[in-house]
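Residue numbers (this note's numbering): 838 to 996.
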Ligand SMILES: [Zn+2]
């Protein structure tokens, strides 16, 4: 028997179509990207989270000469948020990534490892985290939950 999994996502053609808070998050991710430490890949990524208490937390990728010791923007940001606001729900995650000197790009989704890490917090808070991945030009893809980007996900319910 063959089955199919469908995911839903929304395409927001331009950041100017975003509401006030979402535009602020896009800009925060965009600005965070400009402070990335990505000397080796040259691929700069910024991330911004909106917490339930209204706090906006930002981060970017941090690389290392010993490659695996670095970390993606999404995990840098979400780990910092969890470390400092351990019981505050995460409502939205914005990510913007592109080569350092690029002026335009396409929306870049979170990597597999980041999807798994985001899922951990979504499972913990029992509420979806909206994921927005954006281009430098302001085109944005949105899902209502990280589960849309991670079918057949593994979480604590299996343990
Ligand atoms: Zn990642």
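Glycine is no exception: its CB is placed at the ideal position from the N, C-alpha and C atoms.
Remember, predicted model here, so these are calculated numbers, not experimental data.
| Query | Result |
| --- | --- |
| Nearest candidate by alpha-carbon position, reference residue 976, set 963, 860, 983, 872 | 860 |
| Delimiting residues of the beta strand (DSSP E) encompassing residue 888 | 880 to 888 |
| Residue 911 CB to nearest heavy atom of ligand 1 below 6 Å | yes |
| Three-state secondary structure (DSSP) of residue 834 | With the chain represented from 838 up to 996, any question about residue 834 goes unanswered, as that position is not in the structure. |
| Cβ pair residue 947, residue 911 closer than 7 Å | yes |
| Residue range of the beta strand (DSSP E) that includes residue 895 | 893 to 897 |
| Check: residue 885 C-beta below 6 Å from any heavy atom of ligand 1 | no |
| Integer-rounded CB distance, given that residue 876 should sit under 8 Å from residue 900 | 6 Å |
| Spatial distance of residue 887 from residue 965 (CA atoms) | 13 Å |
| Rounded straight-line distance, which links the Cα of residue 894 to that of residue 939 | 24 Å |
| Among 841, 879, 956, 971, nearest to residue 853 - alpha-carbon criterion | 971 |
| heavy atom of ligand 1 below 6 Å from residue 873 C-beta | no |
| For residue 957 and residue 916, the rounded distance between their alpha carbons | 11 Å |
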